[in-house]
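Colleague: Before anything else, here's the structure in question.
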Amino acid sequence: MSEVRKQVLQILPGLLFLVLISLISGILMPRFVRLLPSSLLLAIPTAFLGFAETLVMISGEVDLSLAGSLVLINAISISAYTDYHINEFLFVAIPLVAGLIIGAIHGLLVAFGRLNSFLVTAGTSFAWSGLALVILRQPRGNVPLWFNEVFSIGRVLGVPLAALFIVIAALFWIFFSVSPLALKSYAVGSSPKATFSFGIDVNRIKFYAFVLNGFLAGIAGLIMTGIIGSGDPRLGGSSTVLAVLAALIGGATFAGGMGNGLGAFLAAIGLQFTRNLIAWVGVAHYHLDLFYGAALLVLIAGIAYLRRSREI
Amino acid sequence: MATWKIVNWAKAFGQVEALRKLSFELKSNRIYGLVGPNGSGKSTFVKAITGLVKLDSGKLFRDDLELSITSPKQAWALGISAAHQDLSLVPNLSVKENLTLVAQHLASLRNTNSASLMQEFYDTLDALQFPAPVSSQVGHLSRREQQIVEIAKAVGSRPSLLLLDEPTSFLTERDIERLFELLNQMKQQTTIIFVSHRLREIFGICDEVIIMRDGQALGTFNLRDISLNEVVKIMSGGASIAWEPARTEIAPSRGSEIPYFFVEVETRKINKISVTIQKGEILGIAGLVGHGQSEFLKAIYGLIPSRKRIEINGKPLNIESPLQALRHGIVYISGTSSETTLPHRSIKENISLILNGLKSGFSLVNAAAEKQLALTMVNNLGIVCRSVDEPLRHLSGGNQQKCVLARALSADPKILLLDDPLKGIDTLTKAQFYKLIAEVAKNTAVVFYSSDVEELLPIASRVVVVFEGRIVGEFRGKEMTKENILAAALRGGNE
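Protein sequences, first through last, are from chains A and B.
Start counting the first sequence at 1; every next residue gets the next number (my numbering).
Start counting the second sequence at 1001; every next residue gets the next number (my numbering).
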């Protein structure tokens, strides 16, 4: 029982943030409720990236390459289908496998190469988007017809896609948090020294964290590819920063040992909604990032203030 | 039932030899006390046998079978577990989660289920009457409660070799009784090593005592054949430092005189320590590690919050931060170089740090003066370096520490606070230090805390002994001997 209570308490900040932004949006934007399924779906890839970021931050590391990974996964999937004519049902597996491999590379370098994850992933973020550009060269390609249809309808068997993905994320988080790996990840991030003394292989736990992180980036890549229906070496944008921010709202810290994947998932949706909201209230397109950035700064200061007051 | 043999264990950290040819034997069904002065290698031994520290050389035998331990995992698999002095618990996790991690791991090693192991942990916590719920986060527990969890983690794993490194430092009398009861029951299945500074506890629970000094075992003695005083004598009988300057004897001040320096400090850890020091005096502070000596000096310097009264020449001062302390001429030096040096910056920058820090924010660094100061100091203190532009980390530990002293001297101190400044420094450099400090003391007052009593004896005018955050003894003149000081530090009084 106390486990459930703990989970709920951990998810609360992300959930409250999303509810708050939704309420404000609902009041200010008349079409918010009607557009909810599609705006939710558009936010899902970033949400999975926030989830992915949380997993490595729990283990005391960070991933700055998520935007690059997303583009690369998109490029590989599109190229596999358009250039190499892979079976259209196997198509779904490509982004997931690509994500796993990317995660494993990060994990190897950080855990067993003993390299700083900040530097490794800063480096690979350029390498991945560069590789995507080499593969695609320009926005092009297409996805299997059935896949395109699912995303343009936005439903499978009557169930809204966004809802389906939220359920998948929740299940994934539940499975992770009841597995022994979760406890070990928190322990490694919180005190690698003590965890080592328990006889636990610290490097292996960090490696697993990156592999799971890559798999979730793969899911994000799959959904992103579905949404845009083609390959685009320029997408990704600010999603790394949003993922880190979502992880922080979800309770993660740069010191490690804390964080909640589902909380970060919901927070990331809230961050996307914030952007929609700012666009809606009539900020000119070229002012959008300025206002959005200011809103994020206020948010960061708010989190820092709340945490400090809780510590004292 | 197994016998364990430790043969020729050696381990060096850089220049410092923590263990050198440590050898002894452990028989089954016994509780061994492991004693020795600070820095004799007890904790290093505990860390080595649990795989936390890799040995440079040495062998381990269980019943004549040679074993090797290169990771904590192997130690657990061999049934060796320890409660460490500096705790090995994950602060962000709950008590239950910490124990679960160990239980899951042990269960896979022993092919049992982790639920029964958890039960063992809980039983141990109950036996020690752990007062908090197991769902509480370890980082939020008191030091005493954390210590009980650390003990339960080791004891509850039902090891065949159990090590307890200073387990009682934060426990109450009742806790200790319960722990001893538990250890006496466990003795039937387990060999136990009890590391402690508290000789009375060693005599209360152990069958035999292993005495260590300078990384070696001097012998294993049956406690029926040896007295407490004899143990102290063997422990303290080490080689003394060759250089013996004349101690500066200063007559105790008469009541009417205004003292040069008066300080009274109270913190969470310090009960209330007050001392009065005359100009020209070197006050030695002794005591076992972690009884508040360091905190006392840090509090005076404004590094940690405290309630305090400080007077220089009868004038009360308000010191809330190191900057204020420095402005009043109070300078602090720590022996932990990571706390006081900028290893990647040059020698000259390290030396002029205080002087530049005291300048106003808009004045420029005078490069020529900075260099001149550094050259003078390098000359006066005999700092061995190729150039003052070299990064500090290129110097040996002793020379780095001289740079720290140089920095303090450049600020023209009225009061010099030395917080275990000679940790891990070789004898020759120590002798040079004494000369410098004796010189400085002529025009200042020096408060000198050392974790090694022998460092105080050649130079201190008098020595006060701190125990659990209060002064329990003061020695001067002929009374100021290693044995008297150690006895007071171990027993917490003069009785």
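C-beta atoms are modelled at their ideal positions from N, C-alpha and C, and glycine is treated no differently.
Would you give the residue range spanned by the beta strand (DSSP E) that B/S1081 belongs to?
Modeller: Looking at the DSSP string, the run of the beta strand (DSSP E) that includes B/S1081 is 1080–1083.
Colleague: Which residue comes first and which comes last in the beta strand (DSSP E) that contains B/I1347?
Modeller: From DSSP, B/I1347 is part of no beta strand (DSSP E) but of the alpha helix (DSSP H) over 1347–1351.
Colleague: Our contact map puts B/V1090 next to A/S190 with C-beta atoms below 8 Å; I'd like the distance itself, whole angstroms only.
Modeller: About 5 Å; that satisfies the 8 Å criterion.
Colleague: Quick check: is the beta carbon of A/D232 nearer than 9 Å to any beta carbon in chain B?
Modeller: Judged by the 9 Å Cβ criterion, A/D232 is not in contact with chain B.
Colleague: Can you check whether the CB of A/A43 is closer than 9 Å to the CB of A/L66?
Modeller: Contact: no.
Colleague: Name the DSSP bridge partner or partners of B/M1212?
Modeller: According to DSSP, B/M1212 bridges with B/A1217.
Colleague: Taking 8 Å as the line, does the beta carbon of A/A267 fall inside it for any heavy atom of the ligand NAP?
Modeller: Absent from the structure shown: the ligand NAP. Ligands present: none.
Colleague: Select from A/G68, A/Y84, A/I228, A/A267 the residue whose C-alpha is nearest the C-alpha of A/A247.
Modeller: Out of A/G68, A/Y84, A/I228, A/A267, A/A267 has the C-alpha closest to the C-alpha of A/A247.
Colleague: Identify each residue in the stretch 198–222 of chain A for which the Cβ-Cβ distance to at least one residue of chain B is less than 7 Å, and report them in chain order.
Modeller: The stretch 198–222 of chain A vs chain B, Cβ under 7 Å: F198, G199, I200.
Colleague: Give the interface partners of B/Q1278 over in chain A, defined as CB-CB distance under 7 Å, in chain order.
Modeller: Per Cβ cutoff of 7 Å: no residues; B/Q1278 is ~42 Å from chain A at best.
Colleague: Quick check: the Cα distance between B/A1299 and A/V241, rounded to an integer number of angstroms?
Modeller: Whole-angstrom Cα-Cα distance: 42 Å.
Colleague: At the 9 Å Cβ level, is B/N1098 part of the contact set with chain A, yes or no?
Modeller: Yes, contact with chain A.
Colleague: Among residues of its own chain, excluding the 5 on either side of B/V1447, which ones have a beta-carbon nearer than 6 Å to its beta-carbon?
Modeller: Cβ neighbours of B/V1447 beyond the five flanking positions: L1283, L1417.
Colleague: Of all the CB atoms in chain B, is at least one closer than 9 Å to the CB of A/F254?
Modeller: No, its Cβ sits nowhere closer than 9 Å to a Cβ of chain B.
Colleague: Could you please give the first and the last residue of the uninterrupted alpha helix (DSSP H) stretch that includes A/Y186?
Modeller: A/Y186 -> alpha helix (DSSP H) spans 180–190.
Colleague: Once DSSP output is grouped into helix, strand and coil, what is the label at B/S1274?
Modeller: Three-state DSSP puts B/S1274 in a strand.
Colleague: Please list the residues of the stretch 239–263 of chain A that have a C-beta atom closer than 7 Å to any C-beta atom in chain B, keeping them in chain order.
Modeller: Those would be G257, M258, in chain order.
Colleague: What three-state label does DSSP hand B/Q1119 in the structure shown?
Modeller: Three-state result, B/Q1119: helix.
Colleague: Is any beta-carbon of chain B found at less than 9 Å from that of A/L183?
Modeller: So, interface residue.
Colleague: DSSP state of B/K1021, grouped into three classes?
Modeller: Strand, per DSSP.
Colleague: Can you tell which of B/P1421, B/V1149, B/T1050 has the C-alpha that lies nearest to the C-alpha of B/T1070?
Modeller: Looking at the Cα atoms, B/T1050 is the closest of the given residues.
Colleague: Quick check on the burial criterion: 16 or more other C-beta atoms within 10 angstroms. Buried or exposed for B/I1258?
Modeller: Looking at its Cβ environment, which holds fewer than 16 other Cβ atoms inside 10 Å, B/I1258 is exposed.
Colleague: Can you tell which of A/V62, A/L109, A/L12, A/P45 has its C-alpha closest to the C-alpha of A/F165?
Modeller: Comparing Cα-Cα distances from A/F165 to each of A/V62, A/L109, A/L12, A/P45, the minimum goes to A/P45.
Colleague: B/G1302 by DSSP, collapsed to three states: which one?
Modeller: B/G1302 falls in the coil class under three-state DSSP.
Colleague: Could you name each continuous alpha helix (DSSP H) segment of 4 residues or more that falls completely within the stretch 1026–1107 of chain B, going from the start of the chain to the end?
Modeller: If we require 4 residues or more, the alpha helix (DSSP H) runs fully inside the stretch 1026–1107 of chain B come out as 1042–1049, 1072–1077.
Colleague: Output yes if chain A places a C-beta closer than 9 Å to the C-beta of B/V1195; else output no.
Modeller: Chain A, which has no Cβ nearer than 9 Å to the Cβ of B/V1195, makes this no.
Colleague: How far does the beta strand (DSSP E) with B/Y1332 in it reach, from first residue to last?
Modeller: From DSSP, the beta strand (DSSP E) with B/Y1332 extends over 1330–1334.
Colleague: Provide the residue span of the alpha helix (DSSP H) that contains B/E1454, from first to last.
Modeller: Per DSSP, B/E1454 belongs to the alpha helix (DSSP H) from 1453–1456.
Colleague: Have a look at B/A1368 and B/H1394 and give me their C-alpha separation to the nearest angstrom.
Modeller: For B/A1368 and B/H1394, the distance between alpha carbons rounds to 23 Å.
Colleague: Using only the alpha-carbon positions, how far apart do B/T1444 and B/A1325 sit?
Modeller: Distance between the alpha carbons of B/T1444 and B/A1325 is about 15 Å.
Colleague: Have a look at B/F1262, B/Q1185, B/P1167, B/A1431 and flag the residue whose alpha-carbon is nearest the alpha-carbon of B/I1310.
Modeller: Looking at the Cα atoms, B/F1262 is the closest of the given residues.
Colleague: Measuring only the C-alpha atoms, how far is A/N203 from B/A1077?
Modeller: Answer to the nearest angstrom: the Cα atoms are 19 Å apart.
Colleague: For the beta strand (DSSP E) containing B/V1463, list its first residue and its last residue.
Modeller: Taken as a continuous stretch (DSSP letters only), the beta strand (DSSP E) holding B/V1463 covers 1462–1467.
Colleague: Say whether chain B places a C-beta atom closer than 9 Å to the C-beta of A/F196.
Modeller: Closer than 9 Å: yes.
Colleague: If you drop the 5 nearest sequence neighbours on each side, which residues of the same chain put their C-beta closer than 8 Å to that of B/N1098?
Modeller: The residues are L1089, V1090, V1138, V1149, K1153.
Colleague: Skipping 5 residues on each side, what residues in its chain have a beta carbon closer than 7 Å to that of A/P160?
Modeller: P37, G154, listed in sequence order.
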